[in-house]
Amino acid sequence: MIHRSPLRDVDIPDVALTTYTLHRARELGDKPALVDGPTGRVLTYAELERAVRALAGGLVTRGFAEGDVLALMAPNLPEYAVVFHGVAFAGGVITTINPTYTEREVHHQLVDADARLLITVPAFLETALKAAEGTRVEGVFVLGADPGALPDGARPFTDLLGEPLAEQVPVAPEDVVVLPYSSGTTGISKGVMLTHRNLVANIAQVLEPANIREDEKIIAVLPFFHIYGMQVLMNTGLRGGATLITMPRFDLEQFLRLHQDYGITRSFVAPPIVLAFAKHPLVDQFDLSALEMVFSGAAPLSAELAMEASKRLSCEVVQGYGMTELSPVSQLTPPGYFKPGSVGLTAPNTELRIVDPATGADLGTDEDGELWIRGPQVMKGYHNNPQATALTLDEEGWLHTGDIGHIDADGHVYVVDRLKELIKYKGFQVAPAELESLLLTHEAVADAAVVGLPDPEAGEIPVGYVVLKPNASTTPKDLQAFVADQVASYKQLRRVEVVDAIPKSASGKILRRVLRDQARAAG
0 MIHRSPLRDV
10 DIPDVALTTY
20 TLHRARELGD
30 KPALVDGPTG
40 RVLTYAELER
50 AVRALAGGLV
60 TRGFAEGDVL
70 ALMAPNLPEY
80 AVVFHGVAFA
90 GGVITTINPT
100 YTEREVHHQL
110 VDADARLLIT
120 VPAFLETALK
130 AAEGTRVEGV
140 FVLGADPGAL
150 PDGARPFTDL
160 LGEPLAEQVP
170 VAPEDVVVLP
180 YSSGTTGISK
190 GVMLTHRNLV
200 ANIAQVLEPA
210 NIREDEKIIA
220 VLPFFHIYGM
230 QVLMNTGLRG
240 GATLITMPRF
250 DLEQFLRLHQ
260 DYGITRSFVA
270 PPIVLAFAKH
280 PLVDQFDLSA
290 LEMVFSGAAP
300 LSAELAMEAS
310 KRLSCEVVQG
320 YGMTELSPVS
330 QLTPPGYFKP
340 GSVGLTAPNT
350 ELRIVDPATG
360 ADLGTDEDGE
370 LWIRGPQVMK
380 GYHNNPQATA
390 LTLDEEGWLH
400 TGDIGHIDAD
410 GHVYVVDRLK
420 ELIKYKGFQV
430 APAELESLLL
440 THEAVADAAV
450 VGLPDPEAGE
460 IPVGYVVLKP
470 NASTTPKDLQ
480 AFVADQVASY
490 KQLRRVEVVD
500 AIPKSASGKI
510 LRRVLRDQAR
520 AAG
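All residue numbers for the sequence shown refer to numbering that gives the first Met the number 0, where the first residue is 0 and numbers rise by one.
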């Protein structure tokens, strides 16, 4: 049974992403497009468009051609949109890198994406330069840098600017424009090929139901390198003509002060920030009366926490659902459609199936099964990984999400569990397989498993279980430190336990559910 969206379809034009996103930039002119929250530095719509064209012109002049890849490793700042759309306008592909990644993780993405250029900021330059060694990267450029203070191998971002490009480099709607990395439903990080049409479609699918207006002020603390921040905040906000207040990192007091100072009307967040809205005493010290809606995504949010935060803020606190492979939104809650615990209604132009994972049979309302999604926002596939693509995307265009949920008679969708084994730590995906592989490289470890256990602040925390080799001399803290040295902070093991054996199936598959059940039973 196919469940179609109760929301009316929206028009999805066959245009390039930047043309669509910045279509009113000249008309909006001196209206602030992005404001750097900590400093108050403003980038107007007119300045944004000029800078995008200048970067695109410079890239084309230096031989950056259609389909070439530029990597961007930076926190949220106004220039993020300049780089993102400058690359897209030049016909290129942008791969966004988490700036907290280690040298090893950045190197992997640069190699896998086949990046030609890398742009970063001074704080992450050392990691960027080391990670670029042995890759195809021809140059590392730095935003906001003093040219005289740059080390060998790095150049200022301004060196990339050139004569403004008059027109978008011709691209087809099905050409890839963004290559973010996701663990998908299983395994280690993979490049997700998202096309101009994918992103244009999802902006249109979100903008109209969410009713994002030109007079709105939107806080942009969720990272732009993540598909949620990239699309729902940056691109949808700019298409709507709103003003985005960017934050390079989350600080609760500054976050609340910016809400007060700028009269933030809509706050797109992850569940840990909803927890702060609901319970932290600092909230009472700031005027948040301009808030019309808090939209939570990237990880599950309990109905009880949403209601508690809503009551305190006197506005709706709603959820949505999606994944990088969906550009990212497949379900959302329009104003006035809130239901406790629901991730909302299926987005316009989108179809949903609830499938019994054991039998493959379609299920009706109020029956739990795997969510399958089909629509114009579904990815083209995984970069250089047809096997992983085939496991996630079937021949009829249905994306198998790996999440378990149901749909009610009103069309509201509820996500209750997940088939996939990814851990969601504060909205970030942590692949157990990656951490297990690292643990197994330790000389004292004979076997290992990693699971996600519930945590009220983070949603889930990665916990490691290890079997030690005979006479091994190491401690859980040593193993935590061993992993921490090689991965980003959000992937770090929050606890390690030594066990006699890792539970496995007859075929050798780790039975992570058994470990989770044992942990819950132990309290």
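Even glycine gets a Cβ: it sits at the ideal position worked out from N, Cα and C.
Residue i: buried (16+ other C-beta within 10 angstroms of its C-beta) or exposed?
| i | result |
| --- | --- |
| R25 | exposed |
| D174 | buried |
| M192 | buried |
| Q284 | exposed |
| K425 | buried |
| A526 | Look at the range of the chain in this structure, 0 to 522, and you will see that residue 526 is not part of it. |
| P222 | buried |
| M0 | exposed |
| R40 | exposed |
| V415 | exposed |
| T391 | buried |
| S341 | buried |
| T358 | exposed |
| S326 | buried |
| N383 | exposed |
| A148 | exposed |
| A209 | buried |
| V57 | The residue you asked about is not Val; residue 57 is Gly in the sequence shown. Answer is buried; the Cβ neighbour count reaches 16. |
| E252 | exposed |
| D158 | exposed |
| E456 | exposed |
| S313 | exposed |
Tell me the rounded alpha-carbon separation between residue i and residue j.
| i | j | result |
| --- | --- | --- |
| G133 | Q485 | 18 Å |
| P146 | E125 | 15 Å |
| V176 | V199 | 11 Å |
| L16 | A521 | 51 Å |
| N201 | T388 | 20 Å |
| V498 | T264 | 50 Å |
| E315 | V268 | 13 Å |
| R212 | A241 | 6 Å |
| G239 | K379 | 26 Å |
| V14 | L142 | 29 Å |
| S301 | G28 | 41 Å |
| G66 | V495 | 43 Å |
| G319 | A480 | 35 Å |
| T235 | T194 | 16 Å |
| I218 | F63 | 33 Å |
| S488 | V429 | 11 Å |
| A130 | H225 | 20 Å |
| L54 | A114 | 17 Å |
| T400 | T440 | 31 Å |
| G262 | F249 | 18 Å |
| P179 | F427 | 13 Å |
Any C-beta of chain D sitting closer than 8 Å to the C-beta of residue i?
| i | result |
| --- | --- |
| Y489 | Looking for chain D here will not work: only one protein chain is present. |
So residue i and residue j are supposed to be a Cβ contact under 8 Å. How far apart are they, rounded?
| i | j | result |
| --- | --- | --- |
| L94 | A80 | The sequence given here places Thr at residue 94; Leu does not occur at that position. Going by Cβ atoms, the distance from T94 to A80 rounds to 16 Å, so no, they are not a contact pair. |
| V59 | A89 | 5 Å |
| A500 | L452 | Actually they are not in contact, since the Cβ atoms of A500 and L452 sit about 19 Å apart, beyond 8 Å. |
| P77 | T245 | 6 Å |
| V105 | A127 | 7 Å |
| V51 | G85 | 5 Å |
| A73 | P37 | With a Cβ gap of about 14 Å, A73 and P37 do not count as contacting. |
| S4 | T345 | 4 Å |
| I406 | I372 | With 8 Å as the limit, I406 and I372 do not qualify as a contact, their Cβ atoms being about 12 Å apart. |
| L160 | V136 | With a Cβ gap of about 19 Å, L160 and V136 do not count as contacting. |
Mind checking whether the beta-carbon of residue i lies closer than 7 Å to any heavy atom of the ligand MG?
| i | result |
| --- | --- |
| G90 | The model on display carries no ligand, and the ligand MG is accordingly not part of it. |
Inter-stretch contact (C-beta, 8 Å, three-pair minimum) for the stretch 363-372 and the stretch 284-300 | no
Does the stretch 272-286 come close enough to the stretch 299-309 that 3 or more CB-CB pairs lie under 8 Å?
-> yes
Could you pull out every unbroken alpha helix (DSSP H) segment of at least 4 residues lying fully inside the stretch 202-273, listed in chain order?
-> 235-238 and 251-261
Taking only runs of the beta strand (DSSP E) that begin and end inside the stretch 144-177, which ones reach a length of at least 3 residues, in chain order?
-> 153-155 and 175-177
Is the stretch 438-452 in contact with the stretch 465-475, if contact means three or more CB pairs nearer than 8 Å?
-> yes
At what residue ranges does the stretch 442-521 contain a whole run of the beta strand (DSSP E), taking only runs of 3 or more?
-> 444-454, 458-467 and 494-497
Which whole runs of the alpha helix (DSSP H) in the stretch 270-298 are 4 residues long or more, in chain order?
-> 270-278
Entirely within the stretch 89-150 and at least 4 residues each: give me those alpha helix (DSSP H) ranges in chain order.
-> 102-112 and 124-131
Go through the stretch 22-94 residue by residue and report every complete run of the alpha helix (DSSP H) that reaches 4 residues or more, in order.
-> 24-27, 44-60 and 78-88
At which residue ranges does the stretch 360-406 contain complete alpha helix (DSSP H) runs of 4 or more residues, listed in the order of the chain?
-> 385-391
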